[in-house]
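Trainee: Same order as they appear, the protein sequences are chains X and B. Quick note: the first sequence uses our numbering, first residue 1, plus one each step. Quick note: the second sequence uses our numbering, first residue 1001, plus one each step. First, the structure itself, so that you have it in front of you.
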Amino acid sequence: MPAIVSDHRVHTPSDVDDALRFLADHRDEGWRPLAGGTDVMVGIYRDHTGGQRWLNLSRLQAPLAGIRREDDLIRIGALATMADLRKSSLLAAACPLIGQAAAVVGATQVQNRATVGGNIVNGSPAGDTLPVWLALDAELELASTRGRRQVPYEQFMTGYRRTVLESDELLTAILFRPRSDERLRMYFRKVAPRAAQGISKLVFAAIAGLEDGYLHEVRLAFGSMGPTTIRARAAEQLAEGKPPSLSLVEKAAETLARDLTPIDDHRSTADYRHRVARNLVREFLAGNLGDHIPAAR
Amino acid sequence: MSERTTIRFTLNGHAVEVSAPPMQRLLDVLRETCGLTGAKNGCGEGDCGACTVLVDGIAVVSCLVPVIQIDGAEIRTVESLAQGDCLHPLQQAFLERDGTQCGSCASGFLMTACSHLEHGGDTSDAELRAALSGVLCRCTGYNRVLEAVQQAAEGAGHHAGDRL
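Okay, structure coming up:
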């Protein structure tokens, strides 16, 4: 056992108010939320990091792990686990991409512990659920003793493992508008070295509407293609309002490089990532939507 | 400095109390403090599944669980399966179908399968492969493991009184 584990300090609040008060009283002392621990523990034991301070959220599951409809929105508590996401019939109906993404986060033993809030706050560009929140235009609810604020997921990540979460704030929920309209097309794909529990070379989540043969509200969201999760805005704008013809699909794929900035690293190369991203966008726009291309157009 | 916390939990049916650093791995507490070495220390990163135990009936990789988070929980390890000389149906099936070779992954497979079957999990090839995909075997291969779990599940179906 590395001696370093002794240096960590842990505080376990009994409810959300207690947690927020503690964070407010100990602002800037470096307390970080500890949810399922599946990333935190790897960091501590592989990298031998010590001396950290953890706000253990394990007693806040009752208020913070629920998945429910709230008016026109779906609300996912930040402590819902990947297994909860995978098994939720409410989420399967509201957006099947969520369950698909949750099912590829590690294996079941990890999915039983890993939380959606942890995946988001951890801020890794390789987080498997993250492009889904981007494609869904999801909002995050951040709570502190100063009140609650809602931040679009797209504005949450500001850089590699950097977020707008203040040191006295907790992520409490993810909110999004359910997408059960049959005219919507959705796509999720994780590309990793093997089928089970690899770390992503890239992740892609996409949603688009198709009305009268024309694309609208196109969302092409990527993970591991830059320091943050990222939307391919140029390609989205190119596709917006147009029919998904083969020439459009090609143009959209070639436009991806304007937004995507992958790197060479131990998991893949920038070149390979670009090539796969183009293929995934082709498959989404042409393959998934191809049935709806009017024959005479 | 060595901040330690007192943690109380149920381990294989017995109440235990340990004093440990709060971020110590559950795996280390089980192996070093409690003396139960059935859960194996493999990759330490949640990939190999050799350290799988059940926390409140749910399969988790104990290398990624800080012990502070199991206060009040019910932990079951592979040591809980056999009752004296009487093997658990899963263990018996692993024995009969050669589901284990070097043994490093066996407790991980047994506990993962145990949780899957106790929760009424599907035993079709595809579902079972997905359920067991978090345990890596480097010698015997996966087919015999799959067959053993299916045999145990069928046996339990035939004998309603069995412990599965």
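Just so it is clear, CB atoms sit at the ideal spot from N, CA and C, and this is done for glycine as well. Bear in mind that the values here come from a model prediction, so they are computed numbers and not experimental data.
Looking at the unbroken beta strand (DSSP E) that takes in valine 1060(B), where does it start and where does it end?
Mentor: The continuous beta strand (DSSP E) containing valine 1060(B) extends over residues 1058-1061.
Trainee: Using the rule of at least 16 other Cβ atoms within 10 Å of the residue's Cβ for burial, across every protein chain shown, is arginine 161(X) buried or exposed?
Mentor: exposed
Trainee: CB-CB under 8 Å to threonine 1112(B), same chain, minus the five flanking residues each way: which ones, in chain order?
Mentor: Gly1049, Thr1052, Ala1059, Ala1131, Leu1132, Gly1134 and Val1135
Trainee: Classify cysteine 1105(B) as helix, strand or coil using the three-state DSSP reduction.
Mentor: coil
Trainee: Quick test of your reading: leucine 1030(B) and leucine 1036(B), contact by CB under 8 Å. State the CB separation rounded to the nearest angstrom.
Mentor: 5 Å
Trainee: Can you tell me where the beta strand (DSSP E) holding isoleucine 76(X) begins and where it ends?
Mentor: 73-77
Trainee: Please report the straight-line C-alpha distance between glutamate 1096(B) and valine 1078(B), rounded to a whole angstrom.
Mentor: Taking the straight line joining both Cα atoms gives about 18 Å.
Trainee: Is it buried or exposed for serine 1080(B), if we count other Cβ within 10 angstroms and need 16 for buried?
Mentor: buried
Trainee: Hey, does threonine 1006(B) have any beta-carbon neighbour from chain X nearer than 8 Å?
Mentor: no
Trainee: Which residues in the same chain as histidine 1119(B) place their Cβ atom closer than 8 Å to its Cβ, once the five residues preceding and following it in sequence are excluded?
Mentor: Scanning its chain for C-beta atoms nearer than 8 Å, with the 5 sequence neighbours on each side dropped, one finds around histidine 1119(B) the residues Gly1057, in chain order.
Trainee: Taking Cβ to Cβ, would you say leucine 210(X) is nearer than 8 Å to alanine 232(X)?
Mentor: In this structure, alanine 232(X) does not lie closer than 8 Å to leucine 210(X) by Cβ.
Trainee: Would DSSP call valine 16(X) helix, strand or coil?
Mentor: helix
Trainee: Leaving out the 5 sequence neighbours to the left and right, which residues in its chain are closer than 6 Å to threonine 1140(B) when beta-carbon positions are compared?
Mentor: Cβ within range, chain order: Gln1101.
Trainee: Sort out for me which residues DSSP pairs valine 1053(B) with in a bridge.
Mentor: Val1060(B)
Trainee: According to a CB-to-CB cut-off of less than 8 Å, which residues of the stretch 112-134 of chain X neighbour chain B?
Mentor: Asn112 and Arg113
Trainee: Just list the alpha helix (DSSP H) runs in the stretch 129-162 of chain X, keeping only unbroken ones of 4 residues or longer that don't cross its boundaries, in chain order.
Mentor: 130-135 and 153-156
Trainee: What is the DSSP secondary structure of glycine 1121(B), reduced to helix, strand or coil?
Mentor: coil
Trainee: List the endpoints of the continuous alpha helix (DSSP H) containing serine 89(X).
Mentor: 89-94
Trainee: How is isoleucine 199(X) classed by DSSP in three states: helix, strand or coil?
Mentor: Here isoleucine 199(X) sits in coil by DSSP.
Trainee: What do you reckon, are the CB atoms on asparagine 112(X) and leucine 130(X) nearer than 8 Å?
Mentor: Against a cut-off of 8 Å, the Cβ pair of leucine 130(X) and asparagine 112(X) comes out as no contact.
Trainee: Among Gly50(X), Tyr187(X), Asp47(X) and Val105(X), which has the Cα closest to the Cα of glycine 198(X)?
Mentor: Val105(X)
Trainee: Per DSSP, which residues does valine 1018(B) bridge with? Please list them.
Mentor: Ile1007(B)
Trainee: Is proline 152(X) buried or exposed, if buried means 16 or more other CB atoms sit within 10 Å of its CB?
Mentor: Flag for proline 152(X) reads exposed.
Trainee: Determine, for isoleucine 1068(B), whether the minimum Cβ-Cβ distance to residues of chain X falls below 8 Å.
Mentor: So yes, isoleucine 1068(B) belongs to the interface.
Trainee: Classify methionine 186(X) as helix, strand or coil using the three-state DSSP reduction.
Mentor: strand
Trainee: Using the Cα positions of histidine 274(X) and aspartate 181(X), report the straight-line distance between them to the nearest angstrom.
Mentor: 31 Å
Trainee: Is threonine 1077(B) close to chain X? Criterion is C-beta to C-beta, closer than 8 Å.
Mentor: no
Trainee: My understanding is that threonine 1010(B) touches serine 1019(B), with C-beta atoms under 8 Å, so please give their C-beta distance in whole angstroms.
Mentor: Not quite, the Cβ-Cβ distance comes to about 17 Å (not below 8 Å), so this is no contact.
Trainee: Taking the DSSP output, what are the residues bridged to glycine 209(X)?
Mentor: The secondary-structure analysis by DSSP pairs glycine 209(X) across a beta bridge with Leu184(X) and His216(X).
Trainee: Return the CA-CA distance between alanine 277(X) and arginine 1138(B), expressed in angstroms with no decimal places.
Mentor: 33 Å
Trainee: Around the Cβ of glutamine 237(X), are there at least 16 other Cβ atoms within 10 angstroms (buried) or fewer (exposed)?
Mentor: exposed
Trainee: Residues of chain X with a CB under 9 Å from the CB of alanine 1039(B): which are they?
Mentor: The contacting residues do not exist; alanine 1039(B) stays about 12 Å from chain X at best.
Trainee: Compare the C-alpha of leucine 1110(B) against each of Gly1038(B), Val1065(B), Gly1084(B) and Asp1085(B) and name the closest.
Mentor: Gly1038(B)
Trainee: If we cut at 8 Å on Cβ distances, does tryptophan 54(X) have a partner in chain B?
Mentor: yes
Trainee: In whole angstroms, what is the alpha-carbon distance linking arginine 46(X) and valine 218(X)?
Mentor: 40 Å
Trainee: Exposed or buried, what is asparagine 1143(B) when buried is set at 16 or more other beta-carbons lying within 10 Å of its beta-carbon?
Mentor: When all chains shown are included, asparagine 1143(B) counts as exposed.
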